[in-house]
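Using mature numbering (1 follows the signal peptide of the UniProt record, and there is no 0), the letters of the sequence shown correspond one by one to residues -19 to -1, 1 to 1027.
Built from N, CA and C at the ideal position, the CB exists for glycine as well.
Since the model is a prediction, treat every value here as computed from it, not as a measurement.
Down below is the structure, laid out as structure tokens.
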Amino acid sequence: MVQWCGLLVLVATAALVRGSALGPGPAPRLVLPPAGRIQDDAEKLLGLPAGVQVDPAPPRRYSPAPKAAVKAVRADADPYRLPQNVVPTRYQLALTVDMTVLSFTGSVSISLNVLADTDTIVLHAADNLGLPEDSVRVEAADHSTVAVSKVERNSQYSTVTVTLAAPLQKNAHYTLSFSSFSSDLLGDLSGFYKSSYVTSDGTTRYLATTQFESINARKAFPCFDEPSLKARFDIQITHDKGYGVRSNMPLLSTSSDDRTQTTVFKSTVPMSTYLLAWVVSDFEKVSNADETFNTWARKDIVAGATISQQVGQEALKQLAEYTGIAYVMPKTDQFAIPDFSAGAMENWGLVTYREPYLIKTENTDVSYEQTISTIICHELSHQWTGNLVTMDWWSNTWLNEGFATFFENFICDKINPDMKLIEKAITTYAQVAFNNDLIDTQHAMSSPVSSPAEIEAKFDRISYSKGGTVLRMFQHILTPAVFQKGLSRYLATNMFMNGTPEKLFRALAAEAAAANDKTPDTVSLPDNVDFPAVARSWTEQPGAPVVTASCDFRAKKCTLSQQQLRSASSTSKTSNKWYIPVTVITSKSADLSAVKTVAWLTPDKDSVSIDIDVDDDSAQWVIINPQQTGYYRVQYDDASRGRILAALLDSQNEAVLDGATRAQYLSDVLGLAQTDKLDWTETVKALQTLKDTQNSAVWLAGFRVISTLANELANTDVYSSFKIILDKVTASTFEKVGLKVKETDDHNTRHLRYFVAPYACASGNADCLAEAATMLKDLFANSVLPHVDMARAVLCYGLKTTDDTVFANVKQLWQSATGTTRSDMATALACAPSQKLVSTTGLIPELLSKTKAKEQDKSDLYDLFDSIITQQPDHRRALLDFVKGNWQKIDTFFGDTESLAMVLTSIIGTIRNDAELSEVQQWVRSTFSGRAEYANIQGSLSIIEDRLHNGWYRSNYEKVAAYIYLETNTHPPAGPTTSHPPTSNPGPTSARPTGQPGPTSARPTGQPGPGPNPSTAKPNGASFVAASTTTLLSLVLLVAALAQRA
């Protein structure tokens, strides 16, 4: 299952505008890709170029990191777990759905096996289900009735306890029936819920769909809602005519009357309740020849199912071949759901997705094309690892999600190697796992959970990112062939049942032993240690190791030791140890296909010495853990790291040092700097490795380094010099790819351009800016549309250098647009030169001059402020000066006590130097003391003061700035400066006022914000602000209105 909030489709229309340069003919439509994930304002990065998502790979169903360790619980004493005295074997479920009033009724009969004498039956039913007590009935196998003496419901545990007048007998069979239950279709995107969409003619249409993972089947019908309690299901659904229905299995029969239709489905295979699904909708489908693989969506977009049909069918084929087990379901349906809390859900035989994760439209850029493929591979791999063999309890969620993460890259890489997914996984998953494993309170991959909140917390980066990364390490420890055979054994042995980590480890160990019996040393393990012990060291304790490598090239040896990687702020006194496989390549032995484990670091062995195949030559090098196949970082001595950097910069090593190893170097350097184990100047040096590279996976890793540095250096003296480095890093590659997407471009080239071109423009590359300006002029003058991959970059950077006419055209589009398109245009306008924004005749003063501001005007002003603050460091100082000189006008314009404070706290959050901090502190004291918002603004200033005096700037800025000045042959500004971070602590920082929030960014009171929860979410600084899907109808109306006005 995957989850990502903040998906939408943005479409901006270049319309007929009076006095514009547009000629006759149809108005062009500028198509923009979906916005990135919603971020908290504390996560916003400064200095991101337009057109690059802050997180190009979608985060999965990520829950927050734990604030405290979870204590162990026993299932037999856990009130959230069901007793083990009865187990279900079959459900007969009948539902009637009323799509007019959006409700449902139902009945269910559950066949039970009794494992121990008992006079109670406990199962799940959520509070939303109306469940009359007289609807409950229990029958023995001979159809005699067992009297029900009491029915009790428990809201906390979502249970129903049926107390019987006589005990059920061990080993006997009974039927528990609920003749009637009812509920409204829910509105919270869980259980059996309602969804809707708007057709091209403006009609709202409803559908009814399900989302049961992890514990929401109980919201749809009474059931034993635990993954280990598998059963068969016979499902019958009655619904209004005009709709169709699909479920996990194919149709068995249908019947109808004047108003309704009833569909009976074939019996399912044994499966867990959370994998059940059904959809009642008016959707249309695209199918293969025998209609065994279908993609369903609303009529307006179903034509975009080409990728999902192609990738999905190939993924099932590849997974069956790899596992050696045929796909057990007779058909597969994929549904594009308009309202969906998760990114996708692996329901067996009926997989549900958010629309942009399944359907390609004109808005789908290269990043989203990749996302569609990987999410389909992720969900379909669950059909084996998760559905066929299901983890026993949510404590081992990684058995489901870790394997799906592993396969989304492994299988999709087989389908489209040009995506370079194995190499990209180092950045998108391994580095994410490392960062989250730094948390002192982090849990292990296998860790006990009980309550719904604890279960939900297991859907995190540890289960997904670490789980997939550790499984990739197991694949390399055992060799790919042995790992594949071991997984096949595990699946075949446990199919239609439940798996555990021990079952998996034993299956893998059995195949390793068989391989070593046939060919000794096929699988290398530590002396007197079996594979399960090795594996448990990774799955049963939290954290990740860093291996310190000290190499003596004259002696031809490296000494290695391990310790737990900790954040610089960690207060933990514990230090876990692991069984760490040591792999190595050298300048003389660089065949990556021949890499094997040469030594082991173990919990009881502090260090190990390995031989290295090198000469005593300054050009020689050694790399430990090449391609980051092991889940650990490597910290080299300075000389060894210098040799590696020199090798990476040597074009003769391009083929030897592949994209994965280059991505690893960039990621390790950044990760070690972030944990205070490496000087930050090394991160700037590492950017040199991006020059001339044509590998999008390397640039993905480089993007993380650049964006991290830019966030720290924006609004400081050295930022302009840092952009010179970016210009040098991007120049050669931009010259090759440019801004225009060509029909002959492969996926790697398009994704490479996606990262390189925006940074080239942002760093001031003259060719890039000129090309963007030309393309934007062509949009208005000749209706030549930029490709969706580069639409944001063209719109933003074209406005930086273009003429007043084009600016006026975009401005009039903005003023005529509504909703998402209006926010989109505001963000583009923020890219224009600052004098067009804050001078006396600029856009913002023009807004403020309105005598009666409407709510839309307030939203417009906030859009402009937010875009400048987060995306335009070059304009930020001018904006600060403008706000200081016009704060009363701004305050009057918003007309409340909060909005101005929100703008100020947003600006304060971007302060990166002590002089500006002092300036703003003095101004705030003299201007706002005594006002209601003063405490909140002061709280923001206190947080930034602490960050400047006790954080990154105090420790690292001077060194990094000195190195950048040296590399670029530039100098700090002469004379007094207002943009130099502090070099000494001026004294104790002021305390944050009790109960006061830190820096936040929010819309004016009562104004909707972007994303699924407008009141609490704002989009990231890399993407255009967005609120909801812009329909084609709204664009047509906009064009018509402008044309009429013209």
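Between the beta-carbon of residue i and the beta-carbon of residue j, is there less than 8 Å?
| i | j | result |
| --- | --- | --- |
| Ile353 | Ser289 | yes |
| Thr355 | Ser702 | no |
| Val347 | Asp770 | yes |
| Tyr303 | Gln465 | yes |
| Thr140 | Leu96 | no |
| Ala644 | Ala678 | yes |
| Lys940 | Asp660 | yes |
| His728 | Asp271 | no |
| Gln351 | His732 | yes |
Around the C-beta of residue i, are 16 or more other C-beta atoms found within 10 angstroms, so that it is buried, or is it exposed?
| i | result |
| --- | --- |
| Gly285 | buried |
| Gly652 | buried |
| Ala307 | exposed |
| Ala462 | exposed |
| Leu233 | exposed |
| Ala628 | buried |
| Arg240 | exposed |
| Gln608 | buried |
| Leu947 | exposed |
| Lys999 | Low confidence applies here, because Lys999 scores a pLDDT of 26, under 50, leaving its location unreliable; read the following figure in that light. Per the 10 Å Cβ criterion, buried. |
When you compare each of the options to residue i by their alpha carbons, which one comes out closest?
| i | options | result |
| --- | --- | --- |
| residue 1029 | Asn135, Leu750 and Thr378 | In the structure as shown, the chain begins at -19 and stops at 1027. Residue 1029 is therefore absent and cannot be evaluated. |
| Leu459 | Val430, Thr450, Ala434 and Glu492 | Glu492 |
| Gly223 | Phe202, Asp238 and Arg487 | Asp238 |
| Pro954 | Leu690, Cys393 and Thr697 | Thr697 |
| Asn867 | Ala212, Glu897, Tyr843 and Ile825 | Ile825 |
| Lys721 | Ala762, Ala774, Val413 and Lys586 | Ala774 |
| Lys831 | Phe863, Phe875, Glu435 and Thr276 | Phe875 |
| Tyr944 | Ser677, Gly800 and Ala667 | Ala667 |
| Leu929 | Thr450, Leu947 and Gly890 | Gly890 |
| Val665 | Glu382, Tyr138, Ile407 and Phe684 | Phe684 |
| Asn606 | Ala536, Thr552, Val527 and Leu733 | Val527 |
| Trp680 | Asp115, Leu76 and Leu647 | Leu647 |
| Ala317 | Arg335, Met310 and Leu300 | Arg335 |
| Tyr72 | Asn509, Thr371 and Phe202 | Phe202 |
| Gln150 | Gly305, His220 and Ala122 | Ala122 |
| Gln853 | Lys781, Ala913 and Val864 | Lys781 |
| Lys577 | Val504, Ile625 and Asp597 | Val504 |
| Ala323 | Glu295, Glu360 and Thr500 | Glu360 |
Quick one: what does DSSP say residue i is sitting in, helix, strand or coil?
| i | result |
| --- | --- |
| Phe321 | coil |
| Met326 | strand |
| His952 | coil |
| Lys940 | helix |
| Arg487 | helix |
| Gly28 | coil |
| Val765 | coil |
| Tyr308 | coil |
| Met(-19) | coil |
| Trp559 | coil |
| Met372 | strand |
| Pro398 | helix |
| Gly866 | helix |
| Trp519 | helix |
| Gly449 | helix |
DSSP has residue i in a bridge; who is on the other side?
| i | result |
| --- | --- |
| Gly172 | Gln192 |
| Ile605 | Val565 |
| residue 1036 | Not covered by the structure: residue 1036. The range shown for the chain is -19 to 1027. |
| Met252 | Ala212 |
| Tyr187 | Ser177 |
| Thr333 | Phe316 and Met326 |
| Val884 | Paired residues: none, contrary to the question. |
| Glu265 | Ala278 |
| Pro526 | Gln545 |
Please confirm if residue i has its CB atom under 8 Å from at least one CB of chain B.
| i | result |
| --- | --- |
| Thr86 | In the displayed structure, chain B is absent; only one protein chain is listed. |
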